[in-house]
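Residue 414 in this note's numbering sits at position 265 of the sequence shown; the count goes up by one each step and never skips.
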Amino acid sequence: MTNTLSRRNWLRTSALAAGSLVTGLSVLDKPAFGMKPFKGTYGLREDFFPPAVNEIKARLSANENPWGPSKKAVAAIAESAIKGNRYVYNSSREMEELLAKKEGVSPDHILLSAGSTDILEKIAIALCMKGGNVVSADPSYLSLVKTATAIGATWKNIPLTSDYAHDVDAMANAIDGETKIVYVCNPNNPTGTLTPVEKLKSFCKQVSSKVPVFIDEAYLELLDNPESQTTVGLVAEGYDVIVCRTFSKIHGMAGLRVGYMVANPERIKLIKKLVRTEMGLCVTSLQGAMASLGDVEFQKYTRENTKINREFTFKALQKAGVTPIPSFTNFILFPIEMKPKEFVEKMSEKGVSVRGFEIAGKNYGRVSIGTKDEMKLFVSTFNAVS
Ligand SMILES: Cc1ncc(COP(=O)(O)O)c(C=O)c1O
150 MTNTLSRRNW LRTSALAAGS LVTGLSVLDK PAFGMKPFKG TYGLREDFFP PAVNEIKARL
210 SANENPWGPS KKAVAAIAES AIKGNRYVYN SSREMEELLA KKEGVSPDHI LLSAGSTDIL
270 EKIAIALCMK GGNVVSADPS YLSLVKTATA IGATWKNIPL TSDYAHDVDA MANAIDGETK
330 IVYVCNPNNP TGTLTPVEKL KSFCKQVSSK VPVFIDEAYL ELLDNPESQT TVGLVAEGYD
390 VIVCRTFSKI HGMAGLRVGY MVANPERIKL IKKLVRTEMG LCVTSLQGAM ASLGDVEFQK
450 YTRENTKINR EFTFKALQKA GVTPIPSFTN FILFPIEMKP KEFVEKMSEK GVSVRGFEIA
510 GKNYGRVSIG TKDEMKLFVS TFNAVS
């Protein structure tokens, strides 16, 4: 498989620079960022957003799709505006049926939402309102963890392995009687790396009888072969696995807010008992999303051009003397010499918005993949500020 091969390849060639402590293959089971797990330190402690500036020439900070939405989605949105006097019920039922067919489940396994953030937060509230803990990788995406910890749960953060995969054995060992949910982001944000699906599936089979496993597949559809890397089949097999998807990435609809989860009907009822998620949906966005699902050509275009521009940017960073972390997504994480706040500000001043992170005391930049012109501007600006 291309993904596995290329990961092996970079492991061999890049010697895991990226600011980490380790070199070579002899240290595969050590944490990638040299950080300590949940006794005291958090790997991803600081996340620096670009400041609001007047003129942004390239917005490369939020992993958006520069080509979206698809023309078919835009047409469906315009056509459906006239239906805006009615609540979404008909469109939402139609969408649930469409997604159920796509994911090989019945419609009662689908919960629609206004973007996947809505689901991440609501599942955290539903499961952690009486405390407990969440087990997840570090660094990883923090929406669910932030909501859970804000309402009183604790976070058991498990360092990624030195090849930036989820350390499923350490995660399984961290689960205790107080664990309410395990969160897995695959491919992972902010590293852009992929945990092999077979590892994840056996982990889910092992632990989901004790605790639900939430798999955030926001970037999955950007892979060459998404069907082979999804864990969604486990839901139909009856495992307590919650798979979450978004229309913000491959479909280029971040501002239109559509996401969904595929889960056991009991998990969906848990959220529906608490909140009326459907009331956050919008009829135009749903119609746009349905049209986008059918626009396979647009998805292919996004996938191919993301890959081309990612490879261009990766090589340009290498040429600049940086060792980026090989990515399977529409963003790249790379070590930087200066403080992340300073880096983000300097780039923004020149019209390029990026993100900066402090992870286990080390400094990183993250750039989203935009159009070729945007990536050329990123590279020249990066060279000018470095
Ligand atoms: C891993 C991951 N999950 C979820 C989201 C939230 O996406 P949205 O709420 O737009 O669906 C993001 C956004 O960047 C993400 O990176």
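Using N, Cα and C, we set each Cβ at its ideal position, and we do this for glycine too. Small disclaimer: the values here were computed from a predicted structure and weren't measured.
In terms of CA proximity to Arg235, Cys431 leads the group Glu523, Phe461 and Cys431. DSSP places Met410 inside the beta strand (DSSP E), whose first and last residues are Gly408 to Val411. By alpha-carbon distance to Ala314, the top candidate from Arg504, Thr451, Thr342 and Leu193 is Thr342. Between ligand 1 and Cys431, a heavy atom-to-CB distance of less than 7 Å is absent.
For Thr328 against Val360, the beta-carbon gap comes to about 5 Å, under 8 Å, which counts as contact.
A contact is defined here as three or more CB-CB pairs under 8 Å, and the segment 223-230 fails this definition with respect to the segment 368-386. Per the coordinates, the alpha-carbon of Met428 lies some 8 Å from the alpha-carbon of Val237.
Bridge partners of Ser517 according to DSSP: Phe480. Using a 10 angstroms sphere on the CB of Val445, the tally of other CB atoms stays under 16, which defines it as exposed. In this structure, Asn338 places its C-beta atom within 8 Å of the C-beta atom of Ser289. Following the DSSP letters along the chain, one finds Cys353 inside the alpha helix (DSSP H) bounded by residues Val346 to Val356. Within the segment 263-339, the beta strand (DSSP E) runs of at least 3 residues that lie entirely inside it are, in chain order, 282-287, 303-308 and 328-334. By the 16-neighbour rule on beta-carbons within 10 angstroms, Gly401 is buried.
Per DSSP, Glu446 is one residue of the alpha helix (DSSP H) stretching across Val445 to Lys468. When only Cα atoms are considered, Phe461 and Val424 end up about 44 Å apart.
Sequence-distant partners of Trp304 (beyond 5 residues in either direction) whose C-beta falls short of 6 Å from its own C-beta, in its chain, are Val283, Val294 and Thr298.
The Cβ atoms of Glu246 and Val381 lie no closer than 8 Å to each other. Beta bridge pairing from DSSP links Glu195 with Glu507. Checking the 7 Å criterion, the Cβ of Gly437 is out of range of every heavy atom belonging to ligand 1. According to the DSSP assignment, Val360 belongs to no alpha helix (DSSP H), since it is labelled neither H nor E.
When the beta-carbon positions are compared, Ile391 and Ile272 come within less than 8 Å of each other. Short note on Ser434: C-beta not closer than 7 Å to any heavy atom of ligand 1. Selection Ile324, Glu347 and Met524 evaluated against Lys464 yields Met524 as nearest (Cα-Cα).
A distance criterion of 7 Å places the beta-carbon of Thr303 beyond contact range of ligand 1, judged by its closest non-hydrogen atom. With contacts defined by Cβ atoms closer than 8 Å, Pro336 and Tyr388 do not form a contacting pair.
In this structure, Val501 keeps its C-beta atom at 8 Å or more from the C-beta atom of Phe483.
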